[in-house]
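Residue numbering for the sequence shown follows the numbering used here, beginning at 136 and increasing consecutively.
Idealized CB from N, CA, C, for every residue including glycine.
What follows is a short report on a single structure.
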Amino acid sequence: QAQFVESGGGLVQPGGSLRLSCAASGFTFSSASMRWYRQAPGKRRDLVASITSAGDSKNYADSVKGRFTISRDNSVNMVYLQMNSLRPEDTAVYYCNHWPPGTWGQGTLVTVSS
């Protein structure tokens with residue numbers, strides 16, 4: 136069964152940066168498209184970014200385009216989300232998953248506040 140362990144969240148000031156990591160296991164990672172999602176308090180879980188299995192195509196939500204970068208390392212079954220120029224509206228719990236999504240991990244909380 137697929138498992139995901141997200142890490143790297145924390146409290147950061149507006150304009151700051153964070154790098155999230157996701158350790159994946161239980162499936163053939165190198166064959167799977169991967170995605171980052173986020174869920175703000177009281178809101179639905181939304182797609183933030185996606186990356187193909189080979190890492191040769193990436194897509195982003197309009198709200199994070201130009202600020203966030205998704206990447207992956209198939210040698211260690213990891214996917215990353217580099218977040219720059221963070222804004223208070225980026226505050227959320229961030230999750231990774233393959234496509235189609237399976238079991239969810241615990242996520243990692245990102246709080247952007249001064």
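(request) Could you say which of 154, 137, 144 lies nearest to residue 202 if we only look at CA atoms? (result) Here residue 202 corresponds to residue number 67 of the sequence shown, with the count starting at 1. Comparing Cα-Cα distances from residue 202 to each of 154, 137, 144, the minimum goes to 154.
(request) Quick one: residues in its chain with C-beta nearer than 6 Å to the C-beta of residue 157, no 5 flanking neighbours on either side, listed in chain order? (result) Translated into the one-based positions of the sequence shown, residue 157 becomes position 22. So the qualifying residues of the chain are 139, 141, 214, 231.
(request) Compare the beta carbon distance of residue 196 and residue 182 with 8 Å and say whether it is the shorter of the two. (result) Here the question's residue 196 lines up with position 61 in the sequence shown. Here the question's residue 182 lines up with position 47 in the sequence shown. Going by C-beta atoms, residue 196 is nearer than 8 Å to residue 182.
(request) Identify which residue in 189, 185, 199, 178 has its Cα closest to the Cα of residue 234. (result) In the sequence shown, residue 234 corresponds to position 99, counting from 1. Comparing Cα positions, the closest option is 185.
(request) Could you check if residue 243 is buried or exposed, using at least 16 other CB atoms within 10 Å of its CB as the buried criterion? (result) Residue 243 sits at position 108 when you count from the first residue of the sequence shown. Result: buried.
(message) Can you tell me which residues form a DSSP beta bridge with residue 214?
(response) Counted from its first residue, the sequence shown places residue 214 at position 79. Its beta-bridge partners are 157, 207.
(message) Counting C-beta neighbours from all protein chains within 10 Å, is the total for residue 173 16 or more, i.e. buried, or is it exposed?
(response) Numbered from 1 along the sequence shown, position 38 holds the residue referred to as residue 173. That one is buried.
(message) Within the continuous beta strand (DSSP E) that includes residue 170, where are the two ends?
(response) For this step, residue 170 is matched to residue 35 along the sequence shown. Note, residue 170: beta strand (DSSP E), 169 to 174.
(message) Quick check on residue 181: does DSSP put it in helix, strand or coil?
(response) In the sequence shown, the residue the question calls residue 181 occupies position 46. Residue 181 falls in the strand class under three-state DSSP.
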